[in-house]
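Just so you know, the sequences run in chain order E, C, W and S.
For the first sequence, counting from 1, position 268 maps to 267 in numbering that gives the first Met the number 0; every step adds exactly one.
For the second sequence, counting from 1, position 75 maps to 74 in numbering that gives the first Met the number 0; every step adds exactly one.
For the third sequence, counting from 1, position 162 maps to 161 in numbering that gives the first Met the number 0; every step adds exactly one.
For the fourth sequence, counting from 1, position 94 maps to 93 in numbering that gives the first Met the number 0; every step adds exactly one.
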Amino acid sequence: MTDTLSTSVAHELDENALLQAYRTMRTIRAFEERVHEEFATGEIPGFVHLYAGEEASATGVCAHLDERDAIASTHRGHGHCIAKGVDVKAMMAEIYGKKTGSCQGKGGSMHIADLSKGMLGANGIVGGGPPLICGTALAAKQQGTGGVGVAFFGDGASNQGTTLESLNLASVWNLPAIFVAENNGYAEATASTWSVAADNIADRAAGFGMPGVIVDGFDFFAVYEAAGEAIRRAREGGGPTLIEVKFTRYFGHFEGDQQTYRAQEVAEARENLDCLKRFRSRVTETGRLEEADLTAVDTQVSDLIDAAVDEAKAAPKPTEADLATDVYVSY
Amino acid sequence: MTDTLSTSVAHELDENALLQAYRTMRTIRAFEERVHEEFATGEIPGFVHLYAGEEASATGVCAHLDERDAIASTHRGHGHCIAKGVDVKAMMAEIYGKKTGSCQGKGGSMHIADLSKGMLGANGIVGGGPPLICGTALAAKQQGTGGVGVAFFGDGASNQGTTLESLNLASVWNLPAIFVAENNGYAEATASTWSVAADNIADRAAGFGMPGVIVDGFDFFAVYEAAGEAIRRAREGGGPTLIEVKFTRYFGHFEGDQQTYRAQEVAEARENLDCLKRFRSRVTETGRLEEADLTAVDTQVSDLIDAAVDEAKAAPKPTEADLATDVYVSY
Amino acid sequence: MARTISYREAINEALAQEMERDGSVIVMGEDNAGGAGGSGAEDAWGGVLGVTKGLYHRFPGRVLDTPISESAFVGAAIGAATRGMRPVAELMFIDFMGVCFDQIFNQAAKFRYMFGGKAQTPVVIRTMYGAGLRAAAQHSQALYPIFTHIPGLKVAVPSSPYEAKGLLIQSIRDNDPVIFCEHKALYDATGDVPEDSYTIPFGEANVVRDGDDVTVVAIGRMVSVAEEAAKALSSSGIEVEIVDPRTTSPLDTETILESVENTGRLVVVDEASPRCNLATDISALVAREAFGSLRAPVEMVTAPHTPVPFSDALEDLYIPDAQRVANAVKSVAEWKR
Amino acid sequence: MARTISYREAINEALAQEMERDGSVIVMGEDNAGGAGGSGAEDAWGGVLGVTKGLYHRFPGRVLDTPISESAFVGAAIGAATRGMRPVAELMFIDFMGVCFDQIFNQAAKFRYMFGGKAQTPVVIRTMYGAGLRAAAQHSQALYPIFTHIPGLKVAVPSSPYEAKGLLIQSIRDNDPVIFCEHKALYDATGDVPEDSYTIPFGEANVVRDGDDVTVVAIGRMVSVAEEAAKALSSSGIEVEIVDPRTTSPLDTETILESVENTGRLVVVDEASPRCNLATDISALVAREAFGSLRAPVEMVTAPHTPVPFSDALEDLYIPDAQRVANAVKSVAEWKR
Ligand SMILES: Cc1ncc(C[n+]2csc(CCOP(=O)(O)OP(=O)(O)O)c2C)c(N)n1
Ligand SMILES: Cc1ncc(C[n+]2csc(CCOP(=O)(O)OP(=O)(O)O)c2C)c(N)n1
Ligand SMILES: [Mg+2]
Ligand SMILES: [Mg+2]
């Protein structure tokens with residue numbers, strides 16, 4: 000895990016792009032920390048899984064994507080949504096179960112989606128996304144758009160048959176698909192070193208005929224670079240890639256998790272590895288951005304999240320009239 | 000693919016064992032060729048998949064097994080059944096749908112089983128067997144019997160999620176399980192070189208933390224040796240192995256298949272690689288067995304199959320009284 | 000112009016006509032062409048029973064063979080459907096749903112609702128169901144009740160070549176996920192089918208035969224079994240009205256209820272296992288909505304609560320036949336309080 | 000001696016007592032202990048909602064965590080059951096059946112029949128079902144009708160701590176595969192439960208409440224909803240008889256039919272989606288077998304034909320409640336031809 004801002008990457012990203020990346024990561028972090036607080040008050044219903052600590056992955060990958068591209072996410076989906084451009088206020092309202100939410104309150108945290116943004120949904124099924132992404136990649140290929148599909152999934156999901164067979168299908172069909180294994184060390188309370196019978200998830204790539212890459216998930220630039228290469232190759236017809244991103248999740252598996260199964264890891268990671276801290280010191284030390292630029296973003300983001308929570312709380316819930324609508328297009 | 004009868008293997012197998020191996024392979028071949036003929040007359044119902052050409056695999060693996068051990072098979076299951084000691088006459092009767100069959104006529108070719116012999120069934124679901132074998136291996140481990148579980152499956156099945164996740168589970172639980180990928184080149188009409196996005200199925204082993212071995216499936220001794228090592232390791236607590244056995248199936252995918260998707264491969268294999276021919280010439284050339292011994296086996300087998308077909312044809316079918324029995328132990 | 004063609008040909012023609020009409024229609028499944036990567040001919044199979052034969056050469060790049068990875072390729076069809084394609088994926092036997100059901104019932108079926116009405120998933124899953132081919136317990140089931148149970152799915156069960164073509168074209172044009180259940184024992188059945196393209200709307204039952212004495216609702220292949228029974232019954236003076244719902248979800252409850260309001264008697268013929276199946280579904284509907292008209296107990300003719308047996312001797316007893324239908328009809332026709 | 004304990008504790012106690020009694024009983028599932036391979040405590044979770052907590056240390060080597068590979072580990076439980084073990088595998092949410100259904104319905108359920116009566120597969124699959132926890136469309140379903148549809152499976156749906164313990168012990172001792180459906184909103188419900196081990200036989204309904212006016216058959220958590228409705232109805236002069244089938248397969252048809260023969264009226268309360276569910280199954284049974292006694296249409300109170308919504312405002316409308324049950328009872332009680 001090196002700390003040099005690779006020149007090619009530095010070259011690719013202008014100030015605006017750097018600021019945008021920072022804004023995305025900061026938005027995710029602020030969103031999650033606020034949901035964490037609000038959940039504790041008891042006002043947010045259901046199961047909520049937070050992405051804090053993992054921001055560099057969603058952000059570094061999605062920075063390469065545009066409207067031709069689709070992503071599929073997991074139960075831990077807020078970060079992917081934000082990085083793919085889903086409206087933050089609508090997301091917050093969705094988490095509160097409000098009619099103004101991304102899914103009119105019908106989906107909740109585990110199902111936030113915005114198909115108009117190419118965000119195919121958080122997914123309550125571990126391993127649910129990779130098959131779908133074979134499909135969005137196939138569509139892009141058939142339509143000749145140059146688009147790619149990206150499946151984000153966890154270390155736990157890397158043991159699910161649906162994920163594994165998707166790797167093979169993507170290779171056999173030579174799809175423009177990227178499989179991003181987010182190895183945050185645990186699936187619920189189970190360590191990935193135990194559940195994944197290989198040194199790295201990326202080691203599985205060879206068995207499915209594609210390159211496997213390991214990146215430091217605390218390092219936005221490392222993710223950005225690896226994803227860029229894979230996405231470029233995919234767009235050019237070079238087929239799929241498996242990227243393993245390694246990092247730590249900052250909160251419990253879901254809100255309420257006591258986390259007796261792990262020890263000091265989180266505090267250490269937060270202190271020494273944190274993606275936001277590292278990004279900040281790197282771009283300032285190399286003179287690409289000023290502290291003041293970043294602090295301004297922090298303030299804007301903080302205001303946005305405040306507004307999102309206020310509006311979400313004030314918004315109306317769906318009503319009986321909504322219960323049976325939108326099951327089908329027509330029935 | 001070498002032709003030397005490895006000394007360790009030669010040492011392990013006495014004359015009786017060699018004769019037994021030959022008898023098993025010959026029985027499978029004769030069984031399948033006869034079913035092929037009989038199917039053409041229209042008297043055998045349903046879908047029938049023949050194992051001819053692949054005899055060395057079932058035989059070379061099962062030669063190491065005893066009553067502590069269980070195997071799971073596929074739709075192409077006759078060979079595995081015979082090699083694990085299922086009664087040949089009962090098998091034939093089953094294929095004819097008779098009350099005297101291994102399954103009272105309720106199962107048919109795709110479901111022949113004999114649990115008292117540790118034969119967990121042919122299986123109509125591609126990828127159905129590997130999870131089950133994790134279970135029989137787990138049972139052996141929990142019970143401390145030293146038993147192993149062996150899952151036979153095809154190249155096509157090596158792309159099924161159920162198979163892949165079983166590899167991982169077997170490693171994670173360190174099970175005494177052997178996964179035998181029988182790569183006969185095709186899944187139905189689809190070439191394994193196309194459907195398996197890796198040079199070899201065995202290459203997938205590394206991603207699941209177990210050794211992967213490739214053997215010449217036309218060579219009984221090669222299979223015997225590789226299986227022996229894997230089974231020994233498993234019995235000693237050394238965990239699972241993936242063995243890829245490469246060969247060619249002699250008949251179509253199922254009876255009735257026109258096989259326009261492949262060319263000369265079968266005739267060449269039958270002529271130059273056939274496991275029975277090679278076994279025969281090796282054991283006679285090295286002076287381990289006499290031609291006459293083998294010919295005597297041929298005759299005995301041929302008589303057995305004749306009798307099996309005659310008895311199967313003459314046997315009664317199940318009746319209305321059988322329709323609703325044996326769904327449950329009690330209900 | 001109508002000609003006599005087979006159920007298999009009707010399905011093939013529906014696929015071909017829709018592929019011709021709409022470039023977003025693609026077809027995928029194990030050996031739907033056949034021969035990929037082999038040393039011999041491509042389109043070697045055209046599906047395991049030849050249903051997709053010929054499409055591969057006619058529509059280059061649009062008939063995709065797949066590895067044996069039903070979750071991945073059925074899921075891929077679903078994912079592609081959210082991005083402007085209209086994929087028709089083949090789940091070779093309905094019995095194989097167990098390895099890919101999640102993609103169907105938790106993904107495709109729920110997207111629109113979970114995502115607040117903003118998703119559209121026009122995918123068709125063609126699949127083969129039913130007993131009669133001595134294919135035994137894992138290749139003979141009639142699992143459409145399970146799909147019918149799931150909100151968000153539509154389920155078509157064509158009973159004839161005419162229905163097969165019209166319902167499949169509708170399925171492909173439909174904007175919701177459709178499970179299209181083809182009875183494997185019907186592929187060689189023939190019937191009059193218009194050459195031109197046409198659709199049969201979902202949720203519109205077909206009254207196959209008029210009659211005033213007993214309503215028989217029959218699903219899929221059971222329609223012809225019911226017709227056979229009806230003929231025999233007619234000669235003994237009982238006139239049966241046969242209703243073929245054609246789609247089990249949506250279900251044309253109106254036509255069924257109207258018929259029972261006229262006849263006062265109901266028999267449902269369903270090849271599926273007896274618990275929580277279409278026979279119970281329709282019987283319960285009638286017992287709730289048309290109770291006042293019912294003049295006899297409802298009757299249900301179904302498979303027994305057993306796996307499908309292999310032996311022909313048993314399988315023939317397993318499948319509902321005209322005799323059992325006729326007996327059920329007689330019992331409700333003759334029923335007295 | 001009976002004490003008041005929770006549904007969660009009752010299940011835990013059943014597991015512990017059977018593990019104590021029979022060394023072949025093992026327990027497996029994702030985080031059934033929790034903490035495997037981690038730097039902290041093992042038995043960190045005891046299942047996602049704490050149901051298996053404490054067993055890991057009490058029964059060394061017999062509580063197995065698993066990777067997220069439901070086909071592999073549910074299949075492993077099934078395979079082990081054919082070789083002398085009595086595994087209890089946890090499918091965390093019933094909604095996850097889609098990734099492992101094949102092992103359950105094509106393997107475990109069919110072995111005995113397909114293999115001519117020579118297999119025995121005493122496996123229990125414990126799984127959580129039901130709405131009410133704002134867990135949304137993929138974590139709230141009541142899919143027991145699907146398992147009930149499958150010949151070869153038994154299905155238990157305990158409605159209270161007492162039922163949970165007795166049915167689970169029976170499930171473990173039973174020699175057939177059992178799907179044991181725990182309602183996630185009942186885990187904190189309390190009730191009297193004997194300390195000693197006991198079994199509740201399958202296929203024996205419990206008449207929860209006697210009444211002569213209307214029979215209400217209610218499944219799982221719907222039993223307490225029906226009880227609430229019954230209390231309210233009693234004060235307006237309608238006496239409801241509540242039947243809890245306890246197992247949906249086998250189903251105690253006798254008790255249901257006897258009750259309806261007395262009351263002449265039936266309401267079935269089923270949390271599942273309305274098509275091909277238990278409500279239709281039981282309604283159809285009654286409309287066939289007790290038609291002569293029926294004095295009103297059958298009524299069914301079920302979830303609507305939609306996925307389970309997330310928002311509490313919608314989910315509370317989705318789940319059948321006492322008011323809807325009471326309305327249904329009144330409608331059949333007051334029905335006139
Ligand atoms: C098919 C399925 N099995 C199990 C679960 C329950 N579950 C939800 S999240 C989770 C852990 C996932 O771990 P991982 O893939 O590493 O993702 P992370 O939570 O670490 O982001 C589990 C077991 C599920 N939702 N779906
Ligand atoms: C889940 C599932 N998908 C598809 C099939 C249909 N099918 C039966 S055999 C077969 C090919 C299997 O190929 P392989 O695993 O290589 O075994 P082989 O036939 O070559 O022995 C297919 C696709 C099935 N039985 N089960
Ligand atoms: Mg993880
Ligand atoms: Mg093969």
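All C-beta atoms, glycine included, are put in the ideal place defined by N, C-alpha and C.
Owing to the predicted nature of the structure, the values given are computational and were not obtained by experimental measurement.
(Q) Is residue 258 of chain W close to chain S? Criterion is C-beta to C-beta, closer than 8 Å. (A) no
Q.
On the DSSP letters alone, give me the boundaries of the beta strand (DSSP E) that residue 181 of chain W sits inside.
A. 177 to 182
Q | DSSP bridge partner residues for residue 185 of chain E (one or two, in chain order) | A | E:190
(Q) Quick check: what's the CA-CA separation for residue 153 of chain E versus residue 256 of chain C? (A) 42 Å
Q: Helix, strand or coil for residue 13 of chain W, going by three-state DSSP, please let me know.
A: helix
(Q) Under 7 Å: does the beta carbon of residue 55 of chain C sit that close to some heavy atom of ligand 4? (A) For ligand 4, not one heavy atom lies less than 7 Å from the Cβ of residue 55 of chain C.
Q) Applying the criterion that 16 or more other CB atoms from any shown protein chain within 10 Å of the CB defines a buried residue, is residue 143 of chain C buried or exposed? A) exposed
Q | Residue list, Cβ distance to ligand 3 heavy atoms smaller than 6 Å | A | Answer in sequence order: E:153, E:154, E:155, E:183, E:185, E:186.
Q. Alpha carbon to alpha carbon, what distance is there between residue 176 of chain C and residue 2 of chain C?
A. For residue 2 of chain C, the predicted model reports a pLDDT of 45, less than 50, meaning its position is unreliable; a value from the coordinates is still stated below. The straight-line gap from Cα to Cα measures roughly 28 Å.
Q) Out of curiosity, what's the CA-to-CA distance linking residue 314 of chain W and residue 133 of chain W? A) C-alpha separation (whole angstroms): 7 Å.
Q: Anything in the region 292 to 308 of chain W with a Cβ closer than 8 Å to a Cβ of chain C? List those residues in chain order, please.
A: Those residues of the region 292 to 308 of chain W that come within reach of chain C (Cβ to Cβ, closer than 8 Å) are 303, 304, 305, 306, 308.
Q.
Considering just the uninterrupted stretch of the beta strand (DSSP E) at residue 245 of chain C, what are its terminal residues?
A. 240 to 245
Q. Can you list, in chain order, the residues of its chain whose CB lies under 6 Å from that of residue 121 of chain W, leaving out five sequence neighbours each side?
A. 80, 85, 174
Q | Candidates S:213, S:123, S:247, S:185, of which the one nearest residue 202 of chain S by Cα | A | S:247
(Q) Closer than 8 Å is the cut-off here; do at least three beta carbon pairs connect the region 272 to 288 of chain E with the region 212 to 221 of chain E? (A) Contact between the region 272 to 288 of chain E and the region 212 to 221 of chain E is present: 3 or more CB-CB pairs across the two stretches fall below 8 Å.
**Q.** CB contact check: residue 277 of chain S to chain W, cutoff 8 Å
**A.** yes
Q: Report yes if the C-beta of residue 73 of chain E is less than 7 Å from at least one heavy atom of ligand 1; otherwise report no.
A: yes
Q | Terminal residues of the beta strand (DSSP E) in which residue 222 of chain C lies | A | Element bounds for residue 222 of chain C: not the beta strand (DSSP E) but the alpha helix (DSSP H), 219 to 234.
Q | Listed by chain order, chain E residues near residue 318 of chain C by CB distance under 7 Å | A | What residue 318 of chain C touches in chain E: nothing, since even the nearest Cβ is about 41 Å away.
Q. In terms of residue numbering, what span does the beta strand (DSSP E) encompassing residue 128 of chain W cover?
A. 123 to 128
Q. Under a Cβ-count criterion, where at least 16 other Cβ atoms within 10 Å of its own Cβ denotes burial, should residue 24 of chain C be classed as buried or exposed?
A. buried
(Q) Please identify the residue among W:276, W:225, W:269 whose C-alpha is closest to the C-alpha of residue 329 of chain W. (A) W:225
Q | Sequence ranges, alpha helix (DSSP H) only - wholly within the region 147 to 206 of chain S, length at least 4 | A | 160 to 172
(Q) Could you compute how far the alpha carbon of residue 337 of chain W sits from the alpha carbon of residue 293 of chain W? (A) This structure gives no information on residue 337 of chain W, because the portion of chain W shown stretches from 0 to 336.
Q.
Given the structure, does residue 191 of chain C come close to ligand 5, in the sense that its CB is under 7 Å from one of the ligand's heavy atoms?
A. Because ligand 5 does not appear in the structure shown, any question about it cannot be addressed here, the ligands present being ligand 1, ligand 2, ligand 3 and ligand 4.
**Q.** Contact set for residue 325 of chain S: own chain, Cβ-Cβ below 7 Å, skip 5 residues either direction
**A.** 228, 231, 232
Q: Alpha carbon to alpha carbon, how far is residue 158 of chain S from residue 223 of chain S? Give it in angstroms, no decimals.
A: 8 Å
Q. Residues in the region 174 to 204 of chain S with C-beta within 7 Å of chain C's C-beta atoms, listed in sequence order?
A. 174, 175
Q: Label residue 51 of chain W either buried or exposed according to how many other C-beta atoms from any shown protein chain fall within 10 Å of its C-beta, with 16 as the threshold for buried.
A: buried
Q) Cα separation between residue 2 of chain W and residue 277 of chain W? A) Their backbone Cα atoms lie some 32 Å apart in a straight line.
**Q.** Residue-chain proximity (residue 2 of chain E, chain C), Cβ-Cβ < 8 Å
**A.** Residue placement at residue 2 of chain E is poorly supported in this model, since its pLDDT is 45, which falls under 50; the coordinates still yield a value, given next. So no, residue 2 of chain E is outside the interface.
Q. Name the chain W residues whose beta carbon is nearer than 7 Å to that of residue 358 of chain E?
A. In the structure displayed, chain E extends from 0 to 330; residue 358 of chain E sits before or after that span and is not available.
Q) Any idea if residue 322 of chain W is buried or exposed, counting beta-carbon neighbours within 10 angstroms, 16 or more meaning buried? A) exposed
**Q.** At least 3 beta-carbon pairs within less than 8 Å: the region 315 to 323 of chain E vs the region 188 to 206 of chain C
**A.** no
Q: Using the Cα positions of residue 263 of chain W and residue 280 of chain S, report the straight-line distance between them to the nearest angstrom.
A: 21 Å
Q. Helix, strand or coil: which one does DSSP assign to residue 303 of chain W?
A. Coil, per DSSP.
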